[in-house]
Structures are given as C-alpha cells and as structure tokens.
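Chemist: Residue 254 in numbering that gives the first Met the number 0 sits at position 255 of the sequence shown, and the numbers go up by one each step.
Cβ coordinates follow ideal geometry from the N, Cα and C atoms, glycine included.
I have a structure I would like to understand better, so I am pasting it below and will then ask my questions one at a time.
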Amino acid sequence: MSFDRPEGLWLLALGVPILVFHFYKGRIRRMAVPTLLFWEQVLVEEERRTALKRLRHYASLLLNLVALLVLTSAFAGPNVEGLTRKPGRYALVVDGTASMGAMEADGRPRVEHALALGREFARSLGFGDQVSFHDFSGARAPMTSDHDAFARKLAPSAPAGRVDLRERVLSALSAGEDVTAILLTDRPPEGVDDLLATGRLRVARVGAPLENTGWTAGVPVRRAGEKRMSLSLTLSSFAASRVERSEVLLFNRKEIARRAVALEAGARTEREWVLDPARFPGEKLEEGGLIEVALDPRDAFPADDVASFVLPPLLPPSVIVFHPGTPDRLLMIALETARAEGRVAAEIGEATVDRYAAVRPRLGEGWIVVFDRVAPPGPLGAGGTLILGAPGGPAVEQPTIVDWDREAAPNDQVDYAGLLARRSRILEGPALVRAAEGPVATWSAKGGQAVVELGFSIGESDIGARTTLLHLLYNFADWASWRGCRAFRPQLRLGEPLRPERRPWIDEGEILAAQEERLERLPVRKGRAEGALA
C-alpha cells in the first residue's frame, strides 16, 4: 500500500484524545449519606444494565475510530495494488492546422468542437487525475488536478502550419511514462501507429467529413533563359466517393484553358500546366500577370479550390543605361554578351542621367535600369534597378572583400574571392558583398522593386575583367524580372493592413492572402485591397 499524501496520516493522532475521552471516568468523590438503603437499590439496577452499557461504550468508541480512519484515508489517498484505481495523467493535443477552421453545420469551426470535447473530457476526470494542454503551434499548459479551472481556460491558439505530428505527440508524452495523449483532430493521424498500438495515444475525431477536393501544394518553376513557366500542383481528395471536376486556367481573371480531372476518394495526384506563349497565342502571357488554377464547380470548402501564382514577364527584360556622359565600355560588352545569349532584350538603350525624368514614365515591369556612376535623380520605379558606383556617402580606399551572401539570388554561382577595388562607398542595407570596412554591395526587393547597388564602379575594380560581372548580370536579369512584378510586399506583420505598393492586377474583386497554411480572401475595390491579416 502507498499513499498519495502521506502527510495526512498525522490525522490518526486524533485517536489519542478519543481513547482518553472514552476511558477516563473522572474523579471519584467520597460523600457521607444518612442511609445506604436507597443506594443499594440503585446499585442492583445498575448491575443489571452493565453488560449493555459496556457494549454501547465500546460500539461508540469503535464508530469514532472508524470515522477517523475513513477521514484519514480520504485525505492521505491510499493506493492498494489491484484494488485502488491509479490516478491518470493525460495530455490533450489539439490539431490547429487549416482544416480545423472549416465550419460545421452549427456555424462553429471544428477547432471549437475540439475544445468543447476537451472541456467535457477534463470535467469527467476523477479525483487525483491530471491533465495538460498542447497544440500544434507550440503552446502548452502544465499538468493540473484542477479540472474545472483547466476547462475554463481552454481556448483556441494561433493557427499552425505544417507540423510533424509525431514530434508534437512525443513532446506531450515527455512529461512521463504514465502520460496518455488524447489527440483531437479531424483527420486520421499519420506516422504514430506504434503509439496507437501501445495505447499511449488515443484519437478523438471531430467534425463531419466534407466532400472536399482541393489544391494542397503548388510550385512555379522557370529555368533561366526559358520563355515559359511550369506550374506543378498537388490535387488531394478528402471526399468519401469519386470526384469529377474541371481544372480552369485563368490569366488575369480570364479563362484560357480547361480540362477534366477525376480523383478517387482519399487519393491525390500531381498536375502540371506549362505556360508557354506559343501554346496560348494572343493571350499575352509573355507580359506577365496573375495566373490562377481553379476547380469548377466549387465545393463545400472553397478556400483550397483556387491556386494563385504571379507569372513574371516571359520576354527578356529591356535594358537602359543612364551614365554621366559615356557608358563604361566593359559594362556595355557584358550587356551585349547577355543580349547575344537571350538574357536581355535585343536593343540596349543608353542615355545621360539628365534624361531620366523624361524616360521614367515608360519604364516599369519588364525593364532593367542601370545607373552607371550616377545616382538615381528621383524615386525608383517598378522593375529592376542596378546602381554601379554612384557618388556620395563615405568612401574607403582599396577595400578588402571578406565575404558575400551566398544564398542571395544575384550571387548564384558568383565568386568574389580576390576581387580588387581601388575605391568604394560603404553602403547601408542587406549586404550582398561585405568588405572589412562594411557592405560594399547591397540588395533588396519590396513590392514591385528589385535593387542591387555596388559601391564601386566597373572602372574602379577588376570585376569587369572577370566572369563575375557576367554572372551577376545574368542572375540579376532573372531575379529582377521575377521580383520586380509584385504589387504587395511578400511578408507583413501580424495584423498589418494589406496595402499594395502599386495597383493590383484587378480593380474589383478578391485576392487570396496566405499566412502559412491559413488562407483569407480580402476584397479589392478601386484597385486597393481592404482588410488585414490577423
């Protein structure tokens, strides 16, 4: 036998005063009486009732001791092997992925049903049982025996993206070998068969199955120099029967192709669309725009029926060089090489920097603007901008290149080791190339702008005599044509209003905003999106 609270055994000490009160007869006093006649009659009657009196005396004592023993047992919590139920320890694990946001017939999302089931389970636990809370976003509450307080505090947590289910369950079970995890989810668990077999994991399904089929993954692929882009998508079925629908390819909200698709219950398939202007003549795919692949007709869960992508301009970007009087010779040779290989448009323009204001209205997406040894005289527009050795700012002589951002898109397969520069400005911003004195090249991309700035000019370094410049131009042309055609910043702070830095592709309608796996449709009116990601 063991006790959950052995300190409660001190209550047995109350048996001492009980025994004293039952056996203590008090002090006997001697008194003189005139006659013993009446006392003798009382003694005779008392002797007749002695046996019953003693029985009542001991029965009262026994009842008091039994009551004390019961009270002590209730407080100390004895455990008798094979007889007493061991207190349980449970960890509630609540699925917080996107599918748990689906609305049920009563108008509540599935996660609310899961939490209601969790509250009911907590309140049904017995004395001494403990319960904790875990969800897919990493939030947790420690083990507690106060079941009512636990149930009152149970509330939805932040939405979670793709998570490792097994890792989350094992984290919940790490509190001890006697812990049992209760998974509240709307789908069959994967990768935890061994935990289900041993009984350490139990699954409680919530929500009624939806006849849903939708896109669960999508990746756009465009190889450098190609005039087409491929969309690789994964279509998954969560329905209970075979589904037959249509895939609709839309470009800037206009249908340009349609094909049938059939999927068995619970299956998934890989789908591909090749966006080649030669296959869709007259649709102007080469100019770029909004590509959507929609399923028709819509089903009970329409949020995953449309996959959206930004299609960059498929034509080589046009290039114009602004210079102080004459462009750098090595720069023009490198641009001519890029033109000969189809990396940039056939005609390379050049102009003095004083003409920038007049030319700027014609620039934008699909353009690469190079400032050769001159600073931009005004705000940068959409598209790609390459700034080489513009005057201004602190400068150092013979900077020593120590490192560069190898993960940056403009630096793909570019090696700056041993690069020599006679003079360079020290820049501010995300470093593309770093010298001992600070960044000598930076890069940035926001909205419809993609910018790379070098603190040194080609003539002030040996970059023009190396393949480094050519690789940098190739990478910049591909990267800028992609990043220079986005109306919205790729990332926003939580709750920040969604405001485009230029007009979206549509004036009226809806856009689909993504936060990890959470999707939210926001209205667009007069070219501006309304709402915030919360």
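Pull up the CB-CB distance for G383 and F475, whole angstroms please, since I reckon it's below 8 Å.
Modeler: Contact flag correct, Cβ pair sits at about 6 Å.
Chemist: Let's test the definition: count the other Cβ atoms within 10 Å of the Cβ of S480 and tell me whether it reaches 16, buried, or not, exposed.
Modeler: Classification of S480: buried, given that the 10 Å Cβ count is 16 or more.
Chemist: Identify the continuous beta strand (DSSP E) that holds D402 and give its terminal residues.
Modeler: Where D402 is concerned, the enclosing beta strand (DSSP E) stretches over I400 to W403.
Chemist: CA-CA distance, V343 and L314?
Modeler: About 8 Å.
Chemist: Rounded C-beta distance between S156 and D134? I'm assuming under 8 Å.
Modeler: That pair is a contact at about 5 Å.
Chemist: What separation, rounded to the nearest whole angstrom, lies between the Cα atoms of R354 and L330?
Modeler: One C-alpha to the other measures close to 20 Å.
Chemist: Report yes or no: do three or more beta-carbon pairs, one from the segment 191 to 207 and one from the segment 221 to 230, lie closer than 8 Å?
Modeler: No contact exists between the segment 191 to 207 and the segment 221 to 230.
Chemist: Quick check on I347: does DSSP put it in helix, strand or coil?
Modeler: Strand at I347.
Chemist: Residue range of the alpha helix (DSSP H) that R109 falls in?
Modeler: R109 to R122 is the span of the alpha helix (DSSP H), which, as asked, contains R109.
Chemist: By a C-beta neighbour count over all protein chains shown, 10 Å radius and 16 as the cutoff for buried, is S236 buried or exposed?
Modeler: It is buried - the Cβ of S236 has at least 16 other Cβ atoms within 10 Å.
Chemist: Alpha carbon to alpha carbon, what distance is there between A306 and A394?
Modeler: Cα-Cα distance, rounded: 48 Å.
Chemist: Enumerate, from N- to C-terminal direction, the unbroken beta strand (DSSP E) stretches of 3 or more residues contained entirely within the segment 446 to 480.
Modeler: DSSP runs (the beta strand (DSSP E)) wholly in the segment 446 to 480: 448 to 453.
Chemist: Jot down the residue ranges of each uninterrupted alpha helix (DSSP H) in the segment 188 to 212, minimum 4 residues, whole runs only, in chain order.
Modeler: You should have 192 to 197.
Chemist: What I want to know is whether the C-beta of L426 ends up closer than 6 Å to one or more non-hydrogen atoms of the ligand FAD.
Modeler: The ligand content of the structure shown is nil, which means the ligand FAD is not present either.
Chemist: If you reduce the DSSP assignment to three classes, tell me which class Y89 lands in.
Modeler: Here Y89 sits in strand by DSSP.
Chemist: Under 7 Å, do E364 and A381 count as touching if we go by C-beta distance?
Modeler: In contact: E364 and A381 (Cβ atoms closer than 7 Å).
Chemist: Per DSSP, what are the beta-bridge partners of I367 in this structure?
Modeler: Paired residue(s): V318 and G383.
Chemist: CA-CA distance, A277 and W214?
Modeler: Rounded to whole angstroms, A277 to W214 spans 27 Å at the Cα level.
Chemist: Give me the residue from V32, I400 and A58 with the minimum Cα distance to I425.
Modeler: I425 has its Cα closest to that of I400, out of V32, I400 and A58.
Chemist: Could you give the first and the last residue of the continuous beta strand (DSSP E) run that contains A259?
Modeler: K253 to L262 is the span of the beta strand (DSSP E), which, as asked, contains A259.
Chemist: I17 by DSSP, collapsed to three states: which one?
Modeler: Here I17 sits in helix by DSSP.
Chemist: With distance defined between alpha-carbon atoms, name the residue in L10, S173, V320 and G106 nearest to V69.
Modeler: For V69, the nearest C-alpha among the options comes from L10.
Chemist: Nearest CA to the CA of L13: which residue from I181, L67 and F120?
Modeler: Nearest C-alpha to L13: L67.
Chemist: Under three-state DSSP, which class holds A238?
Modeler: Three-state result, A238: coil.
Chemist: Look up M102 in the DSSP assignment and say whether it is helix, strand or coil.
Modeler: Strand.
Chemist: Tell me S307's beta-bridge partners as DSSP assigns them.
Modeler: According to DSSP, which records beta bridges pairwise, S307 is partnered with E291.
Chemist: Verify whether the separation of the beta carbon atoms of A374 and A356 is less than 7 Å.
Modeler: Their beta carbons are not under 7 Å apart, which means A374 does not touch A356 by this criterion.
Chemist: Skipping 5 residues on each side, what residues in its chain have a beta carbon closer than 7 Å to that of A299?
Modeler: L209, E210 and N211.
Chemist: Give the C-beta separation of V205 and A104 to the nearest angstrom, bearing in mind that I take them to be a contact with Cβ-Cβ under 8 Å.
Modeler: At roughly 13 Å, the Cβ-Cβ gap does not stay under 8 Å, so V205 and A104 are not in contact.
Chemist: Please classify W478: is it buried, with 16 or more other beta-carbons within 10 angstroms of its beta-carbon, or exposed?
Modeler: By the neighbour-count rule (16 or more Cβ atoms within 10 Å), W478 is buried.
Chemist: Go ahead and label E452 buried or exposed: buried means 16 or more other beta carbons lie within 10 angstroms of its beta carbon, across all protein chains shown.
Modeler: Counting Cβ neighbours within 10 Å, E452 comes out buried, since at least 16 surround it.
Chemist: What do you get for P489, buried or exposed, if any count of 16 or more other CB atoms within 10 angstroms of its CB means buried?
Modeler: With a pLDDT of only 48 at P489, under 50, the local geometry of the prediction cannot be trusted, and the value read off the model is given with reservation. The residue is exposed, with fewer than 16 neighbouring Cβ atoms inside 10 Å.
Chemist: What are the boundary residues of the alpha helix (DSSP H) that S170 is part of?
Modeler: Start and end: L164 to L172.
Chemist: Kindly indicate which residue of V260, A264 and F279 has the alpha-carbon position closest to the one of R270.
Modeler: Among V260, A264 and F279, the Cα nearest to that of R270 belongs to V260.
Chemist: Ignore the nearest five residues each way along the sequence and tell me which others in L431's own chain have a CB closer than 7 Å to its CB.
Modeler: Excluding residues within five positions, the ones whose Cβ falls inside 7 Å are W403, D404, A407, P409, N410, A440, T441, W442 and V451.
Chemist: Please confirm whether A115 and H146 have their CB atoms less than 7 Å apart.
Modeler: The answer is no: Cβ separation not under 7 Å.
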